[in-house]
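Q: The opening residue of the sequence shown carries number 1 in the UniProt record's numbering; numbering runs sequentially from there. Cβ coordinates follow ideal geometry from the N, Cα and C atoms, glycine included. Owing to the predicted nature of the structure, the values given are computational and were not obtained by experimental measurement.
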Amino acid sequence: MMSAQISMFSVPGAQDTQAKGLWLLFWMMGLKRIILISLTTLHGTRCAGEVASVANNGVCGTGIAYNAKIGGVRMLDGIVTDIIEAKSLSLNPQHIHIYSASWGPEDDGKTVDGPGMLAMEAFYRGTVNGRGGLGSLYIWASGNGGFHYDNCNCDGYTNSIYTLSVGSTTERGNVPWYSEACASTLTTTYSSGVKNERQIVTTDIRHRCTERHTGTSASAPLAAAIVALALEANPALTWRDLQHLVVRSSNAAHLKADDWVLNGVGRKVSHNYGYGLLDASIMVNLAEKWETVRPQRRCLIQVLSSAQTITSHLVVRKNVTSCAGTPNFIRSLEHIQARVTLSYSRRGDLEISLTSPTGTRSILVAVRPYDTSTRGYRDWSFMTTHSWDEDPQGVWSLELRNKGDYSNNGFLFSFALQLYGTEENMMARKISSSVVSKCLRWTVEGTCEECQEPFYVFEHLCLSYCPPKYFRMRQFINGTQHGRQICAPCHPSCYTCNDRSAYNCTACPPFSNFDEVMHSCSQPLYPHQLTAGLMPSRIHRITALTALIICAPLLMVFLFAGVSWLLNRLILRRQAHVSSSEMTNLQALSEDEAITCGNEAQGFLPVTEPPASSISSSPSLP
């Protein structure tokens, strides 16, 4: 296994979580934003132990990816802001392969919230530049709001196309009471259930072992560890390759739910479990045989631009060619986003579903009885993975149905369909022989020098293909005639290429444009979704905070001036007979105090930990 110079991020209290090897898992600590500060260390240590507890440690269970290096950041130990999230999600992207997150907005059944502008850009940059251009992997817990009938499609982190959303099941294969059902969940791993069902065993703080790790917080790190095993088997996999493998490595098994259906390509899928229970053995086996998927394509269809009335039932249909005849043509789907703006008298009573041309119906958001908001959804992206690998050509239907009081009403102002996928027919892909081989000859430094043809040297192993950001090349050393086959790096601006030149690109990374004449790629232009990122309630909070920042000092100035005037009047009356020397001493004392205060203002003042209530995020709507 290749060694690497990497920074270790210590997880406080994780003395039993010793880890070693290449695949660094970066653990985002914390349960939810509303937890107590004292719980963050405990929660992070338990999650880290699931992934990387050293094998045969004699204290607790073994981590699934026990060769992994793991670290943590105490992101939730204070007030969480957009910039803090962005810095955490983009920390050392060339060293950190997997970011595992068990946190998100409130699971109260009424909040609609997601990443801000900076955190979104961190996702963009991570998938474009992370891991040398193969893309950082973001594994996300789907949420614990089942008790409040919450829906993870109202969580902009777990319903992002850049995150791999993980749900939970109990040891008996039941839907846990805390589980949130939604169309964006991709896969499922084990976690806790009802009182008499076993929970997750992992390391704990103070050199202890716990058998009581729970919730989707425990499920996400299990999936992250399995992804790490797949990367260990084939480090050339892109972030999209891993999602393809997860779909193919998950199965319904013994999982019980009443919403299992066959999608348009014959796969079982559920809003509770995604594609089912993730199987580590199948995934590692597939990773060794998987050749990278072709570049991602995005097809945007504006379906509705004029307002339509929503009463009891509304259906909007659109015949889609999936951008046929353009460079954005999609043959096989991956993610589908329905981006809507609407108003409604009681948002939680509105059920929204999307049906694909093959008949796969995804419930984008179900009834949320605690959501009494009248603001509707503002440019909100609902996401579904239920039509993975389907052909998107045909009639798509968006259905909005009132499940509450008959007097409910509103307007659908806009609806856009964003399709993501590839030009390749993924269902026709043949997966047979291994694409990975052992090195034929090593250098004295321990790097691979030559592979058995037809394999190519890539990092510390041999591949039958060259991944994105690399091209096939025969390298001749010391005048030898035979040479060796290697994967040589493309120009940084290219996604795929024919040589090192910036003018021999064959495809561009996302957010870059391809010049068909020059065969070059433009600088990436990341979308700054300020309108989508700053949702109404967030705007209200920012406005209130700004007003407080501006008005509070002015109010203090006026109060201070008033108090000073009153004191001055009293002092003048009471000290009318004070000698001039005493007055001088008083003035000198005041000047010293002013100088002292000025010096303190130039330094860093200690910041006290905010109470738990200050960490919680208030309900936020698009």
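1. For residue 88, which of helix, strand or coil comes out of DSSP?
2. Could you pull out every residue in the same chain whose Cβ sits closer than 7 Å to the Cβ of residue 260, ignoring the five residues on either side in sequence?
3. Just to confirm before moving on: does the CB-CB distance between residue 492 and residue 292 stay below 9 Å?
4. Taking only the alpha-carbon atoms, compute the straight-line gap between residue 277 and residue 284 and give it to the nearest angstrom.
5. Closest to residue 241 by C-alpha separation, out of 294, 258, 209, 207, would be which residue?
6. Just to confirm before moving on: does the CB-CB distance between residue 490 and residue 500 stay below 9 Å?
7. If you drop the 5 nearest sequence neighbours on each side, which residues of the same chain put their C-beta closer than 6 Å to that of residue 437?
8. Please say whether residue 144 and residue 216 have beta carbons closer to each other than 9 Å?
9. Considering only their Cβ atoms, is the gap separating residue 334 from residue 161 smaller than 9 Å?
10. For residue 245, which residues of its own chain have a beta-carbon under 7 Å away from its beta-carbon, when the five flanking residues on both sides are left out?
11. Strictly by DSSP, which residues pair up with residue 278?
12. If I'm right that residue 410 touches residue 322 with Cβ under 8 Å, what's the distance once you round it to whole angstroms?
13. For residue 97, name the three-state secondary structure that DSSP assigns.
14. Kindly give me the distance between the Cβ atoms of residue 110 and residue 373, rounded to whole angstroms, as I take these residues to be in contact under 8 Å.
15. Tell whether a beta-carbon distance below 9 Å holds between residue 347 and residue 325.
16. Candidates 179, 213, 328, 171: which alpha carbon is nearest residue 254's?
17. Let's test the definition: count the other Cβ atoms within 10 Å of the Cβ of residue 486 and tell me whether it reaches 16, buried, or not, exposed.
18. Residue 402: buried (16+ other C-beta within 10 angstroms of its C-beta) or exposed?
19. Taking DSSP as the reference, what is the three-state secondary structure of residue 472?
20. With distances taken Cα to Cα, identify the nearest neighbour of residue 155 among 484, 164, 106.
21. Who are the Cβ neighbours of residue 580 in its own chain at under 6 Å, not counting the five residues just before and after it?
22. Can you pull the DSSP bridge partners for residue 213?
23. Looking only at C-alpha atoms, which of 46, 351, 153, 407 sits nearest to residue 112?
24. Comparing alpha-carbon positions, which option in 102, 367, 151 lies nearest residue 350?
25. Quick check: what's the CA-CA separation for residue 361 versus residue 427?
26. Report the three-state DSSP secondary structure of residue 124 (helix, strand or coil).
27. Once the 5 residues before and after residue 93 are set aside, which same chain residues still bring their CB inside 8 Å of it?
28. Going along the chain, which unbroken runs of the beta strand (DSSP E) with 3 or more residues stay wholly within the region 123–192?
29. Determine the DSSP secondary structure at residue 103, reduced to helix, strand or coil.
A: With the given structure in hand:
1. Helix at residue 88.
2. 252, 268, 270
3. no
4. 15 Å
5. Of all alpha-carbon atoms in 294, 258, 209, 207, the one lying nearest the alpha-carbon of residue 241 is that of 294.
6. yes
7. 455, 462
8. yes
9. yes
10. 230, 283, 286, 287, 290
11. 250
12. Contact between residue 410 and residue 322 does not hold, since the beta-carbon distance rounds to 30 Å and is not under 8 Å.
13. coil
14. Sure, about 7 Å apart at Cβ, within 8 Å.
15. The answer is no: Cβ separation not under 9 Å.
16. 171
17. buried
18. Only buried fits residue 402, as 16 or more other CB atoms lie within 10 angstroms of its CB.
19. Residue state, collapsed to three classes: strand.
20. In this structure, 106 is the residue among 484, 164, 106 with its C-alpha nearest to the C-alpha of residue 155.
21. With a pLDDT of 34 at residue 580, under the threshold of 50, the modelled position of that residue is not reliable, and no figure is offered here.
22. Residue 213 is bridged to 200.
23. 153
24. 367
25. 20 Å
26. helix
27. 125, 126, 129, 130, 131, 136
28. 137–141, 163–169, 187–190
29. The answer is coil: DSSP assigns residue 103 none of H, G, I, E or B.
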